[in-house]
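Using my numbering, the first residue of the sequence shown is number 1, and each one after it goes up by one. Just so you know, even glycine gets a beta-carbon here, dropped at the ideal spot from N, CA and C. Since this is a predicted model, take the numbers as computed values, not measurements. Heads up: the structure comes next, in structure tokens.
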Amino acid sequence: MPNEVDQIKANLDIVDVIGEYVKLKQSGQNWKGLCPFHGEKTPSFMVHREKQIWHCFGCSIGGDIFEFIQKMENIDFPETLQLLAKKANVELRPQDKREHGKRTRLLELVEAADNYWHDLLLKSPGARTARDYLKERQVDSDLAKTFHLGFSPELWDGTIKYLTSKGYKIEELLTVGLAARNAKG
1 MPNEVDQIKA NLDIVDVIGE YVKLKQSGQN WKGLCPFHGE KTPSFMVHRE
51 KQIWHCFGCS IGGDIFEFIQ KMENIDFPET LQLLAKKANV ELRPQDKREH
101 GKRTRLLELV EAADNYWHDL LLKSPGARTA RDYLKERQVD SDLAKTFHLG
151 FSPELWDGTI KYLTSKGYKI EELLTVGLAA RNAKG
């Protein structure tokens, strides 16, 4: 059974939701408009219906339907979830606080790993080959930032060492699939 976030995304079209805030005009497969987050005269705000994401090339921010509403309405994720659930006719299940806290921590762990790999791609001398490859594929640094591309070094324990130094436990890494047990444990 899909979770509430997935149900909301399936029930709502990002173009329709963002279109309530921004006048959008179709441009090929995408939709464009003036960014609501900074003043501009030429549209640099793009909405991708197929991918259900948005990005502003003027202020280099983007995300999904939830991030747009959070930023536009200046509300936190739980409020955004409630607002969009109502709009999408999705009933939210109550979660006990302990389970919600554990889930939040695991999501923060995945985000920390994502940020670590993204920073490695952009800044690490060891990622030069990866950056060169992306350049050959015509993926510039702005696009890498938009889609938060990352680089994982060949050292199998680099990510584990980084995340445990940030206070995450091995069991948490195992739970989210960022680590696996070998024959030695």
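* Name the one or two DSSP bridge partners that Gln26 has. => Trp31
* In terms of alpha-carbon separation, which member of Glu50, Glu79 and Glu73 lies closest to Gly28? -> Glu50
* Asked: Could you give the C-beta distance for Ala88 and Gln7, rounded to a whole number, given that I count them as a contact under 8 Å?
  -> With 8 Å as the limit, Ala88 and Gln7 qualify as a contact, their Cβ atoms being about 7 Å apart.
* **Alpha carbon of Cys59 to alpha carbon of Ala180, nearest angstrom** => Spanning the alpha carbons of Cys59 and Ala180 requires a straight line of approximately 39 Å.
* Going by Cα to Cα distance, which pick from Leu121, Gln138 and Leu174 is closest to Glu154? -> Leu121
* Return the Cβ separation of Cys56 and Phe68 in integer angstroms, given the expectation that the two are a contact with Cβ distance under 8 Å. => The Cβ separation is near 10 Å, so there is no contact.
* Would you call Ala113 buried or exposed, if buried means 16 or more other Cβ atoms sit within 10 Å of its Cβ? -> buried
* Asked: Do the stretch 101 to 116 and the stretch 165 to 178 make contact, defined as three or more Cβ pairs closer than 8 Å?
  -> Enough Cβ pairs lie closer than 8 Å, so yes.
* Asked: What residue ranges within the stretch 85 to 154 form continuous alpha helix (DSSP H) runs of no fewer than 4 residues, ordered along the chain?
  -> Counting whole runs of 4 or more residues, the stretch 85 to 154 contains the alpha helix (DSSP H) stretches 97 to 123, 128 to 136 and 141 to 146.
* To do: Reducing DSSP to helix, strand and coil, say where Gly63 ends up.
  => strand
* Asked: Which one or two residues does DSSP pair with His55 in a beta bridge?
  -> Met46 and Gly62
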